[in-house]
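Scroll down for the structure; my scribbles are underneath it.
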Amino acid sequence: MKTLKRLAAAVSVTAGLAMAGQAANAESVLRVAMTAGDIPITIGQPDQGFEGYRFVGYNLYDTLVLWDLSQGETAADIKPGLATSWEIDPKDNKRWLIKLREGVKWHDGCDFVPEDVVWNFERISKEDAPHFNVKQFADIRNRTGNIDHVEVLGAHDIAIVTKEPDALFPYQLSYWFMISKCRLTELKNDYEAYAKAPSGTGPYKFASVVPQERLELVKNESYWDPNRIPKHDRLVLIPMPEATTRAAALLSGEVDFIEAPSPDTIPRLESAGMTIVTAPYPHNWSYQLNFVDGNFKHKEVRQAANYALNRPEIKALLNGYMVEGYTNVPPSTPYHGTPSVKYEYDPAKAAELLKSVNCYPCKITLAISTSGSGQMQPLPMNELVKSQLDAAGFDTELKVMDWNALLDVGRPGREKNPEIDGINISRALQDPFSALIRHVYTKQHAPKGSNWGHYSNPAVDALIDEIYLSFDPKVRMAKLTKLHEMMVEDAAMLWVAHDVNPRAIAPNVKGFVQAQSWFQDLTPIVVE
Amino acid sequence: MTAYIIRRLLYAVPIALGVSIVCFALVYIAPGDPLQTLLPEDASAETIAMVRKAYGFDKPIPVQYLIWLGKVVTGDFGMSIATGRPVLGEIVKALGNTVLLAAGAVLIAFTLAFILGTIAGYRVGTATDRAVTGFAVIGVSVPNYWLGIVLIIIFAVELNVLPATGMGPRGSDTFNLFEWNHFRYLLMPMVTLSLIPIGIIARTTRSAVAEVLNQDFVETLRAKGLMEWEILLHVLKNALPQVLAVMGLQFGYLMGGSILVETIFTWPGSGFLLNKAILTRDLPVLQGTILVLAIIFVATNLVIDLLQTAVDPRLKRG
Numbered sequence: 034m035k036t037l038k039r040l041a042a043a044v045s046v047t048a049g050l051a052m053a054g055q056a057a058n059a060e061s062v063l064r065v066a067m068t069a070g071d072i073p074i075t076i077g078q079p080d081q082g083f084e085g086y087r088f089v090g091y092n093l094y095d096t097l098v099l100w101d102l103s104q105g106e107t108a109a110d111i112k113p114g115l116a117t118s119w120e121i122d123p124k125d126n127k128r129w130l131i132k133l134r135e136g137v138k139w140h141d142g143c144d145f146v147p148e149d150v151v152w153n154f155e156r157i158s159k160e161d162a163p164h165f166n167v168k169q170f171a172d173i174r175n176r177t178g179n180i181d182h183v184e185v186l187g188a189h190d191i192a193i194v195t196k197e198p199d200a201l202f203p204y205q206l207s208y209w210f211m212i213s214k215c216r217l218t219e220l221k222n223d224y225e226a227y228a229k230a231p232s233g234t235g236p237y238k239f240a241s242v243v244p245q246e247r248l249e250l251v252k253n254e255s256y257w258d259p260n261r262i263p264k265h266d267r268l269v270l271i272p273m274p275e276a277t278t279r280a281a282a283l284l285s286g287e288v289d290f291i292e293a294p295s296p297d298t299i300p301r302l303e304s305a306g307m308t309i310v311t312a313p314y315p316h317n318w319s320y321q322l323n324f325v326d327g328n329f330k331h332k333e334v335r336q337a338a339n340y341a342l343n344r345p346e347i348k349a350l351l352n353g354y355m356v357e358g359y360t361n362v363p364p365s366t367p368y369h370g371t372p373s374v375k376y377e378y379d380p381a382k383a384a385e386l387l388k389s390v391n392c393y394p395c396k397i398t399l400a401i402s403t404s405g406s407g408q409m410q411p412l413p414m415n416e417l418v419k420s421q422l423d424a425a426g427f428d429t430e431l432k433v434m435d436w437n438a439l440l441d442v443g444r445p446g447r448e449k450n451p452e453i454d455g456i457n458i459s460r461a462l463q464d465p466f467s468a469l470i471r472h473v474y475t476k477q478h479a480p481k482g483s484n485w486g487h488y489s490n491p492a493v494d495a496l497i498d499e500i501y502l503s504f505d506p507k508v509r510m511a512k513l514t515k516l517h518e519m520m521v522e523d524a525a526m527l528w529v530a531h532d533v534n535p536r537a538i539a540p541n542v543k544g545f546v547q548a549q550s551w552f553q554d555l556t557p558i559v560v561e
Numbered sequence: 010m011t012a013y014i015i016r017r018l019l020y021a022v023p024i025a026l027g028v029s030i031v032c033f034a035l036v037y038i039a040p041g042d043p044l045q046t047l048l049p050e051d052a053s054a055e056t057i058a059m060v061r062k063a064y065g066f067d068k069p070i071p072v073q074y075l076i077w078l079g080k081v082v083t084g085d086f087g088m089s090i091a092t093g094r095p096v097l098g099e100i101v102k103a104l105g106n107t108v109l110l111a112a113g114a115v116l117i118a119f120t121l122a123f124i125l126g127t128i129a130g131y132r133v134g135t136a137t138d139r140a141v142t143g144f145a146v147i148g149v150s151v152p153n154y155w156l157g158i159v160l161i162i163i164f165a166v167e168l169n170v171l172p173a174t175g176m177g178p179r180g181s182d183t184f185n186l187f188e189w190n191h192f193r194y195l196l197m198p199m200v201t202l203s204l205i206p207i208g209i210i211a212r213t214t215r216s217a218v219a220e221v222l223n224q225d226f227v228e229t230l231r232a233k234g235l236m237e238w239e240i241l242l243h244v245l246k247n248a249l250p251q252v253l254a255v256m257g258l259q260f261g262y263l264m265g266g267s268i269l270v271e272t273i274f275t276w277p278g279s280g281f282l283l284n285k286a287i288l289t290r291d292l293p294v295l296q297g298t299i300l301v302l303a304i305i306f307v308a309t310n311l312v313i314d315l316l317q318t319a320v321d322p323r324l325k326r327g
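Next comes the structure, spelled out in structure tokens:
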């Protein structure tokens with residue numbers, strides 16, 4: 034009997050140890066279905082828009098300045114990354130003194146040193162450098178175009194000298210990914226080979242890639258920020274452009290986390306126990322207006338269009354998945370301020386304003402697309418907007434085209450298509466330049482910049498000039514707030530919606546906090 | 010026959026050349042700048058000019074075409090603008106995956122449709138004929154992307170017996186057709202893709218068989234006392250050229266026309282590649298893929314033409 038008991042005890046201890054060993058070895062995997070049609074490229078600056086930045090850029094790589102994605106209550110702002118601090122040279126307002134983080138290693142084992150930043154600048158700017166890459170140059174040029182040169186000042190110090198003073202410059206640094214000089218040099222500057230064995234300093238290391246199918250990353254156990262060492266072992270990123278397929282893949286247990294489920298699939302996902310996470314998003318579904326050629330050059334017409342919209346009705350169309358857009362940035366943005374006017378639904382006031390400038394009915398043409406990056410549900414939304422505008426005294430024509438054609442209308446500016454009064458290209462509002470300045474600054478008139486309709490206001494221009502020279506964050510914030518308030522009061526756009534970018538998550542996935550940002554931090558996610 | 014084959018091969022050359030001009034020009038006729046998705050929206054004129062030059066878009070279109078064609082005939086399809094990878098490698102890999110899918114669909118479609126069409130052709134006007142014709146009409150009418158979604162909902166979401174997306178389990182870089190764990194990924198897209206060809210081929214086979222059965226020689230064969238299966242062989246031999254022509258076209262359509270099905274099932278084939286290239290306006294991939302698919306279409310028709318002639322030498326024409 035005693036022998037039997039001993040045997041049983043031994044068996045149970047052995048089994049227990051075996052099970053414990055198995056549990057210790059079990060790999061936790063987070064599988065994400067992206068909306069992209071392919072794996073974003075892995076050579077530094079990713080493609081596939083900000084989804085590429087979100088999943089490949091900020092996971093494999095770091096930027097000198099990172100985004101704080103740890104909370105979802107207010108809009109995300111920048112924080113130290115590979116640079117621990119930055120300040121403008123007191124003697125030269127075009128020279129940024131930057132302290133680099135010590136003890137950071139590339140995934141390939143090399144040390145991160147100041148010369149890496151100089152080398153990274155050469156690869157996106159110096160045409161005759163052996164590691165220059167024209168595609169990477171094109172991808173980041175609008176962020177780095179103001180850099181004149183980079184100087185090494187010491188073991189952990191650099192200076193970045195800009196061509197023009199730019200107090201918002203640290204935001205631009207948050208988009209520029211640092212790649213390993215060691216690895217690319219070892220591969221004789223062959224970017225194709227590098228794409229298959231990339232090396233960054235990010236919280237995940239590259240594991241494998243099957244083009245069009247999946248990218249697998251594993252956690253970087255020795256990431257320099259211990260708080261952001263991933264709480265799962267492996268991250269699998271799967272391109273899945275079709276929304277119905279993404280929902281089906283989540284429901285059938287093939288993936289754990291999906292991007293952008295369509296509003297009509299959300300009730301089904303919820304009934305299956307999935308969590309739907311949303312947050313106000315720096316993404317503006319609006320119309321940029323033509324301030325030169327058509328009726329929108331009158332402030333009264335712009336205001337009338339904004340008063341004509343019944344945004345709660347548009348929200349109902351999207352099953353509630355939007356924030357009503359009365360201003361350029363969502364109210365949770367630090368520089369939203371308190372505009373003196375709110376364009377709540379008032380068709381009578383809209384009609385009155387139109388009559389005051391003898392534009393009743395007021396003929397307008399809006400260029401829209403059938404689909405496209407971040408365009409939400411463009412056809413039904415635009416049809417509803419048209420019916421609301423027309424009910425208030427407009428005579429709206431929708432000029433429907435495909436996404437690339439609309440971009441081709443948007444890029445050259447109003448001069449090429451003077452008959453168009455507004456374009457419906459949704460915009461990312463990630464930083465103050467993207468959110469405000471590029472839409473209203475005279476120096477940003479298209480085709481040079483994003484001010485498609487050539488909005489021009491000397492007071493606004495003067496304020497922006499001051500912002501660029503305001504190196505004190507508090508002073509700058511006050512001016513940015515004022516700028517936003519001026520834009521709203523001047524009805525600089527026809528605002529409709531702020532996206533909330535829903536994501537659906539399986540019940541076994543815990544710990545994700547959706548930041549108010551285009552970028553998200555997957556590292557805290559625990560896969561049970 | 011050899012002279013005929015050579016002549017048909019020579020005919021294919023100008024067709025392929027014409028196809029290359031059309032597919033090169035198509036992407037320029039389409040609205041939008043070819044570098045639209047590559048360049049940031051607020052790219053300066055200097056940046057645009059530099060990138061345009063780097064990608065050869067600064068040259069006149071006919072010159073671009075000649076340079077492109079010169080490289081293509083040596084197997085250099087250029088580099089993908091989006092991924093930086095060689096286009097030929099992308100196309101070859103994607104085509105391999107599509108061939109796998111299309112071959113499976115063709116096998117299902119040809120077998121099933123040929124049997125159903127033959128039965129219906131023998132039973133014109135009966136309930137069997139009406140059932141087959143009805144099935145064929147449904148096959149042709151039902152959009153295959155809709156069927157794909159329905160299959161996913163039933164077999165992946167509700168029953169959870171088949172995977173909804175992808176091509177093989179995680180961690181496996183090669184597809185093993187003979188392993189159930191891999192093969193199950195192929196099943197739903199293959200069945201979805203086979204629906205339209207089943208409808209079309211079944212209808213063609215039915216009318217071809219019915220038409221042959223009405224010809225006098227069948228009566229003669231019966232009068233000679235041949236067994237019914239021997240008569241069937243004669244009927245099929247005579248109906249085959251017409252059916253083969255449709256089959257060839259269907260195979261060509263399956264190779265290039267599976268964009269929606271591949272996108273729904275995220276099957277990394279040529280349709281998926283094409284869809285991605287259209288969305289990202291990746292010109293080299295778009296041009297290369299369209300050209301290769303068009304040449305496959307031309308080649309398939311050539312093979313079918315030769316097969317038809319082999320089956321029925323009367324079709325050999327000058």
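Sequences listed follow chains A and B, in order.
In terms of the numbering used here, the first sequence opens at residue 34 and continues consecutively.
In terms of the numbering used here, the second sequence opens at residue 10 and continues consecutively.
Even for Gly, the Cβ is constructed at its ideal location relative to N, Cα and C.
Just checking my contact of residue i with residue j at CB under 8 Å: how many whole Å lie between their CB atoms?
i, j, result
"B/I313", "B/A254", "6 Å"
"B/F119", "B/M264", "At roughly 15 Å, the Cβ-Cβ gap does not stay under 8 Å, so B/F119 and B/M264 are not in contact."
"A/V570", "A/V390", "This structure leaves residue 570 of chain A out entirely; chain A is present only between 34 and 561."
"A/P380", "A/A341", "6 Å"
"A/P236", "A/M67", "That belief does not hold up - the Cβ atoms of A/P236 and A/M67 are roughly 18 Å apart, past 8 Å."
"A/A400", "A/N437", "That pair is no contact at about 13 Å."
"A/K132", "A/S118", "5 Å"
"A/S402", "A/M434", "6 Å"
"B/L202", "B/V270", "5 Å"
"A/D71", "B/T214", "Rounded, the Cβ-Cβ distance is 40 Å, inconsistent with contact."
Just the chain A side, please: which residues come within less than 7 Å of residue i by C-beta, in chain order?
i, result
"B/I158", "T277"
"B/D138", "Within 7 Å Cβ-Cβ: nothing; B/D138 doesn't reach chain A, min ~36 Å."
"B/T272", "P274, E275"
"B/L288", "G70"
"B/T56", "A171, R174"
What are the boundary residues of the alpha helix (DSSP H) that residue i is part of?
i, result
"B/L78", "70-82"
"A/A438", "436-443"
"A/E120", "Taken as a continuous stretch (DSSP letters only), A/E120 belongs to no alpha helix (DSSP H), being part of the beta strand (DSSP E) at 116-122."
"A/Q205", "202-206"
"B/D138", "136-150"
"A/K515", "506-522"
"A/K112", "Run containing A/K112: none in the alpha helix (DSSP H); it sits in the beta strand (DSSP E), 111-113."
"A/F165", "Here A/F165 belongs to no alpha helix (DSSP H), and DSSP marks it neither H nor E."
Please list the partners that residue i has in chain B, where partner means a Cβ-to-Cβ separation under 8 Å.
i, result
"A/R134", "The premise fails here: A/R134 is roughly 28 Å from chain B at the closest Cβ pair, so nothing lies under 8 Å."
For residue i, go through chain B and note every residue whose CB falls closer than 9 Å to its CB, in chain order.
i, result
"A/I76", "G93"
"A/Y204", "In chain order: nothing, as chain B lies at least about 15 Å away."
Give the interface partners of residue i over in chain B, defined as CB-CB distance under 7 Å, in chain order.
i, result
"A/L284", "V166"
"A/M273", "T174, T275"
"A/L167", "Looking at the sequence shown, residue 167 of chain A is not Leu but Val. Simply V60, A63."
Name the two residues that bound the continuous beta strand (DSSP E) containing residue i.
i, result
"A/H182", "180-185"
"A/H140", "Premise fails: A/H140 is in no beta strand (DSSP E) and is neither H nor E."
"A/M355", "Taken as a continuous stretch (DSSP letters only), A/M355 belongs to no beta strand (DSSP E), as it is neither H nor E."
"B/T272", "Premise fails: B/T272 lies in the alpha helix (DSSP H), 268-273, not in any beta strand (DSSP E)."
"A/Q321", "316-322"
"A/Y237", "237-243"
"A/H531", "526-531"
Residues of chain A with CB closer than 8 Å to the CB of residue i, please, in chain order.
i, result
"B/D182", "S241, V243"
For residue i, write down the residues that DSSP places opposite it in a beta bridge.
i, result
"A/S402", "A/M434"
"A/K396", "A/D428"
TODO: Determine contact between the region 186-200 of chain B and the region 300-319 of chain B, defined as no fewer than three beta-carbon pairs at a distance below 8 Å.
DONE: Note that the region 186-200 of chain B does not touch the region 300-319 of chain B; fewer than 3 beta-carbon pairs, one per stretch, sit closer than 8 Å.
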